[in-house]
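Asks:
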Amino acid sequence: MRADRLAGNFHDRSLTYDVAGLLYAAELPLRPAAAAAAALGRDAVAILQEDPWRLLDGGEADLAAADRLAASLGVPRDAPSRGPAVVVDLLERAARAGDTAADLNVLLGAVSRQQVASPAEALQAAADSGRVEVDTDDGSVALGRLAVAESSVAEGLVRLIATAELTSADDVVVDPDSGLDDQQAAAAALALTTGVSVLTGGPGTGKSRTVATIVALARTAKLRIALAAPTGRAAKRLEELVDAPASTLHRLLGAQGTRQTGGTFTRDEDWPLDADLVVVDEASMLDAELAAALVEACADGTRLVLVGDPAQLPSVGPGRVLADLVDAGIAPVTELQRLYRHDEGGAIAALGSAIRQGTLPPPPDAGHEVVVVPARTSAEAAHRVRQLVTDSIPRALGIPSGEVQVVTPVHRGDAGTEALNAALKQLLNSGPGAISGFDIGDRVIAIANRHPPDGSPGFANGEVGVVTATAVDGGLVVEFPGGPVTVPAGALADLRHGWAITVHRAQGSEWPAVVAVLPPESGGMLTRPLVYTAVTRAQRHLSIVPAVGGQLPRAVRDERGRPRRTRLRRLLAEAAEGALA
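The working numbering puts the first residue of the sequence shown at 1320, with every later residue one more than the last.
#1: Tell me whether the beta-carbon of VAL1692 lies closer than 7 Å to the beta-carbon of ARG1705.
#2: Taking 8 Å as the limit between beta carbons, can you name the residues of its chain near VAL1640, skipping five residues before and five after?
#3: By how many angstroms is the C-alpha of ALA1421 removed from the C-alpha of LEU1465?
#4: What did DSSP end up calling THR1855 once you bin it into helix, strand or coil?
#5: According to the neighbour-count rule (16 or more other Cβ atoms, all chains shown, within 10 Å of its Cβ), is GLY1793 buried or exposed?
#6: To the nearest whole angstrom, what separates the beta carbons of ALA1355 and ASP1376, a pair I think is in contact under 8 Å?
#7: Just to confirm before moving on: does the CB-CB distance between ALA1913 and LEU1592 stay below 7 Å?
#8: If we count the other Cβ atoms within 10 Å of its Cβ and call it buried at 16 or more, is GLY1340 buried or exposed?
#9: Classify VAL1645 as helix, strand or coil using the three-state DSSP reduction.
#10: With DSSP as the reference, please indicate the residues paired to TRP1830 in a beta bridge.
#11: Fully enclosed by the stretch 1332-1403, which alpha helix (DSSP H) runs are 4 residues long or longer?
#12: Helix, strand or coil: which one does DSSP assign to PRO1838?
#13: Output the boundary residues of the alpha helix (DSSP H) element that contains LEU1572.
#14: Taking the DSSP output, what are the residues bridged to GLY1793?
#15: Take every Cβ of the stretch 1481-1488, pair it with every Cβ of the stretch 1433-1446, and state whether three or more of those distances are shorter than 8 Å.
#16: Apart from the five residues just before and just after GLY1781, which ones in its own chain have a Cβ nearer than 6 Å to its Cβ?
#17: Ignore the nearest five residues each way along the sequence and tell me which others in GLU1379's own chain have a CB closer than 7 Å to its CB.
#18: Please work out which residues of its chain come closer than 7 Å, Cβ to Cβ, to ALA1429, disregarding the five sequence neighbours upstream and downstream, and give them in chain order.
#19: Measure the Cβ-Cβ separation of SER1391 and ALA1344 and say whether it is below 7 Å.
#20: Roughly how many angstroms separate the alpha carbons of GLU1588 and LEU1670, rounded to a whole number?
#21: With C-beta atoms as the reference, is PRO1399 less than 7 Å away from ARG1552?
#22: Can you look up ASP1496 in the DSSP assignment and give me helix, strand or coil?
#23: SER1697 and THR1709: beta carbons closer than 7 Å?
#24: Assuming ASP1802 is part of the beta strand (DSSP E), what are its boundary residues?
#25: Please confirm whether ILE1759 and ARG1815 have their CB atoms less than 7 Å apart.
#26: For PRO1728, count neighbouring C-beta atoms within 10 Å of its own C-beta (all shown protein chains included) and say buried if the count is 16 or more, exposed if not.
#27: Going by beta-carbon coordinates alone, are VAL1850 and VAL1875 separated by less than 7 Å?
#28: Please report the straight-line C-alpha distance between PRO1403 and GLU1559, rounded to a whole angstrom.
#29: So if DSSP puts ALA1548 in a beta bridge, which residue, or which two residues, is it bridged to?
#30: Taking the C-alpha atoms as reference points, what is the distance between VAL1338 and LEU1462?
#31: For ASP1587, name the three-state secondary structure that DSSP assigns.
#32: Of the choices GLN1870, ALA1832, PRO1680 and ALA1630, whose alpha-carbon is the least far from that of GLN1858?
#33: Would you kindly work out how many angstroms separate the C-alpha atoms of ARG1578 and THR1335, rounded to a whole number?
#34: Restricting to Cα atoms, I'd like to know which of LEU1795, LEU1871, ASP1489 and ARG1847 is closest to ARG1881.
#35: Check each candidate in LEU1739, ALA1468, HIS1770 and SER1527 and name the one with the smallest Cα separation from PRO1637.
#36: Could you give the DSSP three-state label for GLN1724: helix, strand or coil?
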């Protein structure tokens, strides 16, 4: 087994080196080589020599790089394969911004600006190849994989609504001593009496208590239960709150594969989950493709409960599944609004609730739960962050630096993730970065999904862990919330230092203390969902370091920010209408 694995690794690296040779000859960065080799397979070099724009298939090169590779190989810029590649590349860019579809006319205009002689022919060629799908009903164009995913989500949710083996409402009795109010009790009952239900609300409104009651009701009804969340930290928190086993959604679905190979799930319609009730927490993080995998793995008769907060940032991947489902109105939605948390974390919950409604209250006059530390520049903000993490919070509150997480909207600048991580590493775990820039004791974050096909533990995008040892192959052992993971040398590019992470990657996780820094560079990115997500990552203490002046209150008043273009809401309505016909 080990010999086979080593032989496979050697073949993969050899192919990557061959692709890298083409890139080197074109004076291009070598980083896209591994992804392109994995996407194109054993004939990668021959494929690229014939069609250099297939370099885009790996997802780590842009059109300019593919154009340079074509010039290096002597392939003319007006080659027939370039036009469809431009179409796909533009849609991939839209997907990275969160959209699952693009307006047809806008897309054709963008294709024309890339010096494609006939954008309509290029679009038709891309559609004929199956890489994109054109929807004439609403004048949109989508990547084929995202069109399939959203259709699968819509059809699957309507299927679950129609086929659920429901418990009679008369048989669902919420314990009067559970402490739930009438709205929470009704939401708990919905989980067993409807095929698909949604539970939303801000922090401190009792979502966790309601989910615990759902689990208790399901146990009484002798239902098989599956609990999951998108991240290991969220799954662990869910498990502790409801006193029942929970896992990451990727582990529940039997994820296999990596960023380069695209990844698959062993649990699907042919091998569905062994569960009568599936509860997914932090459902705002579900992108279209992960949601499709979840729904496909739910057999007819399964009840599905999605718990989340649409007011948070949408998923890192393309789509706005939870918000689209809420807006479509095909399944019952309970939004908990009454704020119950008055103990430790109460001031944080109150601040989050106010921001969720579009207001920015002044910081509390007393106490150390929420503290605002103003700054004027990025450099000053970074200085304040270093003080808070290494001195002020541990000394004043007794929360060690290892339990303090810094979140920021940006990567670049003095108060971006890159500079802050470099500074915090020197202060908290100085070392030479002996293994690809990492040392034992470093805090790291995963920037991609990686789930080995042999079933050994992997990690999900956004997971934060600590390096505990080196591995025999030159890799690292990282303690993630779900347990230790051996990260091979070839996968270390999927890790970054994690003392400071972006707000997007902080979704689905909470820490005892959070320092939310908002440097001037983030001004154009600030929206209510981003600010709300940042402040609600904290459990016991929140320090806010704003260096954006009056942009912060304006951002809180900005309800949505840039809207994502998706087709799911319409597809849900059409699927529901078709089921009734």
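Note that CB positions come from ideal geometry on N, CA and C, so glycine has one too.
Replies: So, from the data block:
#1: no
#2: VAL1472, ALA1602, LEU1605, ASP1606, ALA1607, ALA1610, SER1634 and LEU1887
#3: 11 Å
#4: coil
#5: exposed
#6: 7 Å
#7: With the chain represented from 1320 up to 1900, any question about residue 1913 goes unanswered, as that position is not in the structure.
#8: exposed
#9: helix
#10: ALA1857
#11: 1351-1359, 1363-1369 and 1382-1392
#12: coil
#13: That residue, LEU1572, is in no alpha helix (DSSP H); it is neither H nor E in DSSP.
#14: DSSP, once it has assigned bridges, lists no residue as partnering GLY1793.
#15: no
#16: THR1550 and ARG1824
#17: ARG1350, PRO1351 and ALA1354
#18: LEU1409
#19: yes
#20: 43 Å
#21: no
#22: helix
#23: no
#24: The amino acid occupying residue 1802 in the given sequence is Gly; Asp does not appear at that position. That run of the beta strand (DSSP E) goes 1802-1806.
#25: no
#26: buried
#27: yes
#28: 50 Å
#29: THR1567
#30: 26 Å
#31: strand
#32: ALA1832
#33: Note that ARG1578 scores 47 on pLDDT, short of 50, meaning its location in the model is unreliable and no value can be drawn from it.
#34: ARG1847
#35: ALA1468
#36: strand
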